[in-house]
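All remarks here apply to the structure that follows.
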Amino acid sequence: MPEDLYEEIVEVRRRGQRAALATIVARKGSTPRKDPAKMLVYEDGRQWGSIGGGCTEAEVCREALLVMRIEKPKLLTFDLTEDDAEESGLLCGGVMEVYVEPILPDPVLYVFGAGHVGQCVAQVARSIGFKIAVVDDRIKYANPERFPQADTIYVDPWEENFRKLPVNDSSYVLIATRGHNFDLACLRFALHTPAKYIGLLGSRRKTKLLYEALEREGMDPANFERVYAPVGIEIGSETPEEIAISIAAELVAVKKNLQVRPLKESLRYLKPVATIR
């Protein structure tokens, strides 16, 4: 495999793009190659490299697009026809296994509101692999001294900030501003983006008021199902630091497409370890 394919993978991540790497991990019915064949598939279906061509490669490309979307790897098994075997260099009736893994950019968390909670969330989220973008209209709060872990800081009037934000379907948004009107503007903006996660800090009463305001503007209430509000998981958090841990746990769960439940529940049905007397 050429070294520049690895360099291209690094570049894909640096550009904030997605791809999938397909690797032939097993062959039966032929002599395995010393170096496993690899192919990089881009979001638009383009390819870098090859795993043999033909219908098998086309199917791998289709599965690679799915892997990018679900953000989970897949192991594919192909029972080769005579034509496929000839194209792949295997014997007729051979079996080929291809491992397809997603190449994903580091997720970006947009922290709307540079207050104490936003500051704590940025610190914790950075430590678990998120890039941090801080958004506020106050340079007194949104600055590198208070947010040394931030990759980007947007500090202009809110509407100007919104026009600059490259929020996409792999982005995470946390709304934790200093007031109801600012929360409303940020929530309105976030719900018009394809963000993967929209978290709203505040009470159930405040959340209800914001939803009612947006509904009066004509927004479909079905959109509110996208919002995690109240934000975070229930751990009895009170301080900004505790709230940040609660929110970070929810971010991890969403990133991994998991439903949150206590570890105690997960371990309940494990068999007890035998006791040696």
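The numbering used here puts the first residue of the sequence shown at 52, with every later residue one more than the last.
Ideal Cβ positions, reconstructed from N, Cα and C, are used throughout, including at glycine.
Inter-residue CB distance, Q68 and P156 (contact presumed, cutoff 8 Å): 7 Å
How is the alpha helix (DSSP H) around Q170 delimited, first residue to last? H167 to S178
Taking DSSP as the reference, what is the three-state secondary structure of D130? strand
Other residues of its chain near D220: CB distance less than 8 Å, five sequence neighbours each side excluded: P245, A246 and K247
From F275, V185 and G180, residue whose alpha carbon lies closest to that of G169: V185
Tell me where the alpha helix (DSSP H) around L242 begins and ends. H231 to L242
I need the boundaries of the beta strand (DSSP E) containing G269, first residue and last residue. First-last for G269: undefined, no H or E at that position.
Start and end residues, alpha helix (DSSP H) containing F213: W209 to K215
Taking the alpha-carbon positions, what's the S101 to K89 distance? 6 Å
Tell me whether V311 sits in a helix, a strand or coil according to DSSP, three-state version. coil
Please list the terminal residues of the continuous beta strand (DSSP E) segment that includes P153. V146 to I154
The beta strand (DSSP E) with V305 in it runs from where to where? Per DSSP, V305 belongs to no beta strand (DSSP E); it is in the alpha helix (DSSP H), P291 to K306.
In the DSSP assignment, the alpha helix (DSSP H) including T107 goes from what residue to what residue? G105 to I121
For L126, the nearest candidate out of H167, P195 and V76 (CA to CA): V76
Assess, as a yes-or-no matter, whether the region 290-309 is touched by the region 256-271 under the definition of 3 or more beta carbon pairs within less than 8 Å. no
Buried or exposed: A273, going by 16 or more other Cβ atoms within 10 Å of its Cβ? exposed
Endpoints, beta strand (DSSP E) assigned at G100: Q98 to G100
Proximal residues to E210 (C-beta, below 8 Å), its chain only, five neighbours per side dropped: A236
Within the same chain, show all residues whose beta-carbon is closer than 8 Å to that of G180, passing over the 5 residues directly before and after it, in chain order. D157 and P158
On the three-state DSSP scale, how would you describe K191? coil
Do you know how far the Cα of V149 is from the Cα of D207? 49 Å
Work out the CA separation of Y161 and L91 for me, nearest whole Å. 29 Å
Rank R120, G104, K182 and M119 by C-alpha distance to the C-alpha of L131 and give the top, closest one. G104
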